[in-house]
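Asker: Please see the structure below; I have some questions.
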Amino acid sequence: VNSKYQAGDYAGAQAASAAAGKWTKIGLFVGLGVGVLYGILMFLGVGAGIMSGMRSQ
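Whatever position you read off the sequence shown (first residue = 1), add 12 for the working numbering.
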């Protein structure tokens with residue numbers, strides 16, 4: 013973005029900035045989704061372990 017802006021390519025800098033913003037948002041939402049999925053799987057795994065331990069007693 014900076015190199016385009018400094019070269020006077022303001023439209024190119026604007027487009028590069030928009031693309032960077034798009035990928036930032038995509039990365040954020042994918043990361044949040046993976047984190048939520050991980051949390052759900054951990055919760056289910058711990059719950060299954062607790063239930064398994066309760067059955068064996």
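We treat Cβ as the ideally placed atom computed from N, Cα and C, and that holds for glycine.
Just to check, is the beta-carbon of Tyr-50 closer than 6 angstroms to a non-hydrogen atom of the ligand FMN?
Answerer: Ligands are entirely absent from the displayed structure, and the ligand FMN is therefore not among its contents.
Asker: Roughly how many whole angstroms lie between the Cα atoms of Ala-30 and Leu-40?
Answerer: Looking at the two C-alpha atoms, the distance is approximately 15 angstroms.
Asker: Please state the DSSP three-state secondary structure of Gly-24.
Answerer: Looking at Gly-24 - three-state DSSP - the assignment turns out to be helix.
Asker: State the DSSP-derived secondary structure class of Ala-30, mapped to helix, strand or coil.
Answerer: Three-state result, Ala-30: helix.
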